[in-house]
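To start, the structure itself, in structure tokens.
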Amino acid sequence: MADPGIVDILIIGSGPAGYSASIYAARAGRSTLVILGPQPGGQLIITSFIENYPGFVDPISGPILMDQMSKQAEKMGVTMVNDVIRSVDFSSRPFVCYGESGIRYESKAIIIATGATAKWLGIPGEVRYRGAGVSACATCDGFFFRDKKVAVIGGGNTAVEEALYLTKFAESVMLIHRRNELRAEKIMQIRLSANPKIELLWNTKVVDILGNGSKVTELLLERDGEEVRRAVDGVFIAIGHQPATTIFDGQLLINAGGYVIVDGVSSRTSVPGVFAAGDVRNSDYRQAIVSAGQGCIAAIDADGFLSNF
Ligand code: NDP
Numbered sequence: 596m597a598d599p600g601i602v603d604i605l606i607i608g609s610g611p612a613g614y615s616a617s618i619y620a621a622r623a624g625r626s627t628l629v630i631l632g633p634q635p636g637g638q639l640i641i642t643s644f645i646e647n648y649p650g651f652v653d654p655i656s657g658p659i660l661m662d663q664m665s666k667q668a669e670k671m672g673v674t675m676v677n678d679v680i681r682s683v684d685f686s687s688r689p690f691v692c693y694g695e696s697g698i699r700y701e702s703k704a705i706i707i708a709t710g711a712t713a714k715w716l717g718i719p720g721e722v723r724y725r726g727a728g729v730s731a732c733a734t735c736d737g738f739f740f741r742d743k744k745v746a747v748i749g750g751g752n753t754a755v756e757e758a759l760y761l762t763k764f765a766e767s768v769m770l771i772h773r774r775n776e777l778r779a780e781k782i783m784q785i786r787l788s789a790n791p792k793i794e795l796l797w798n799t800k801v802v803d804i805l806g807n808g809s810k811v812t813e814l815l816l817e818r819d820g821e822e823v824r825r826a827v828d829g830v831f832i833a834i835g836h837q838p839a840t841t842i843f844d845g846q847l848l849i850n851a852g853g854y855v856i857v858d859g860v861s862s863r864t865s866v867p868g869v870f871a872a873g874d875v876r877n878s879d880y881r882q883a884i885v886s887a888g889q890g891c892i893a894a895i896d897a898d899g900f901l902s903n904f
């Protein structure tokens, strides 16, 4: 692309936080650039159905919702760039961000909306068989497990949602949780127990994922100090997410969990002119609607900052 010059607001990330921020920023009359990042549309791109985003009577698919947000932003005059920011310099203004493409972006204000990515267990089989039976996305890979035995690891909403989704394809689904109580919402738990294809394994630790060299065949588990082996064809890891903040190390304050620290309910980070919205700042309320709301807050904060620039 041609040199974008110095824009008013540069938004890093294109999930609900990034798009919502861009819509508000453009409507405030600010020149607005969104750097789409490694997964344009963010986590909702790999979410099958969303039924708690207000405004939709029937469940809406994640990709369709994100496509609508993108088109809405485009209609408002937001410029989208298909690039990934690899490093930033927030030490002086205008701020500078360096893209994987080699482009150097300059802006008067920044909104960080880089979200979070899936966590892994850190066991050898997970690396060995990733893409050969091990996945962190049922919506992406569930289709490949038609009439197969699969396992989902985790006890939160993501794990339950993935287990339910996988019953559409798989012969059977084991949900393996390390405790005896799920973290998932009650309604999700009710759906889970009503589904005859799902077996719940409580108080169970995944020791390793075993295979025949080319694909997953078995899970090595530990329950009550005993080793248990279960045959599986696929394993879906759903144990939470890690905020995408590595590129901001040393540039602004980040907490022990890796989340960008903001000032109360505002989006202000430790660097004046840099704001944060969505899962990157938020470990407790990781919902699309919250991210969209925080995107709005960030755009209002950035607009206010630029008015006093
Ligand atoms: P959560 O952090 O809620 O849950 C992670 C789960 O993984 C927990 O049950 C945790 O166990 C388990 N876990 C974590 N680390 C390990 C490990 N090393 N070994 C074994 N198990 C582990 O993450 P989710 O991704 O499920 O959800 C994140 C947020 O997103 C939540 O706020 C959730 O409500 C929201 N969400 C909402 C959806 C919706 O509204 N449709 C859909 C999906 C997610 P333990 O419980 O013991 O800590």
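Take the sequence shown: its letter number 275 is residue 870 in this note's numbering, and every next letter is one higher. Glycine included, every Cβ here is placed at the ideal spot set by N, Cα and C. Note that the structure is a prediction, hence the values are computed from the model and not measured.
Residue pairing by DSSP places R863 opposite F870 in a beta bridge.
Counting every other CB atom within 10 Å of its CB across the protein chains shown gives V652 a total below 16, marking it as exposed. Partner residues in the beta bridge of D684, as assigned by DSSP, are V691. Here the region 717-724 lies against the region 791-805, with 3 or more beta-carbon pairs under 8 Å apart. With respect to the C-alpha of F900, the residue from R741, F739 and A704 having the closest C-alpha is A704. In the DSSP assignment, A826 forms a beta bridge with E813.
If you check the C-beta of N790 against the ligand NDP, you find no heavy atom less than 7 Å away.
Every alpha helix (DSSP H) stretch that sits fully inside the region 697-777 and reaches 4 residues is listed by chain position as 719-723, 733-736 and 752-761.
A direct Cα-to-Cα measurement between D819 and R825 gives close to 16 Å. Spatial neighbours of R741 in its own chain (CB-CB distance under 6 Å, excluding positions within 5 residues in sequence) are listed in chain order as F764. In summary, P838 is buried, with 16 or more beta-carbon neighbours lying within 10 Å of its beta-carbon over all protein chains present. Remark: the C-beta of G835 is in contact range of the ligand NDP, defined as less than 7 Å to any heavy atom. According to DSSP, residue pairing for V857 in a beta bridge does not occur. Per DSSP, K666 is one residue of the alpha helix (DSSP H) stretching across G657 to K670.
Pairing G845 with I856, the inter-Cα distance amounts to about 13 Å.
The beta carbon of Y854 sits closer than 8 Å to those of P838, T840, V875, R876, N877 and S878, all from its chain and outside the five residues before and after it, given in chain order. With a 10 Å radius around the Cβ and a threshold of 16 neighbouring Cβ atoms, S617 comes out buried. A897 and G868 have their C-alpha atoms spaced approximately 7 Å apart. For R881, the closest of G650, V676 and T712 by C-alpha to C-alpha distance is T712. DSSP lists V629 as the beta-bridge partner residues of M675. Secondary structure note for P654: it is in no alpha helix (DSSP H), with a DSSP letter that is neither H nor E. Under the three-pair Cβ rule at 8 Å, the region 664-677 counts as touching the region 620-636. As a beta-bridge residue in DSSP terms, T799 pairs with R818. Residue environment: S687 is assigned as exposed (fewer than 16 neighbouring CB atoms within 10 Å of its CB, all protein chains considered). The C-alpha of H836 lies about 23 Å from the C-alpha of R786.
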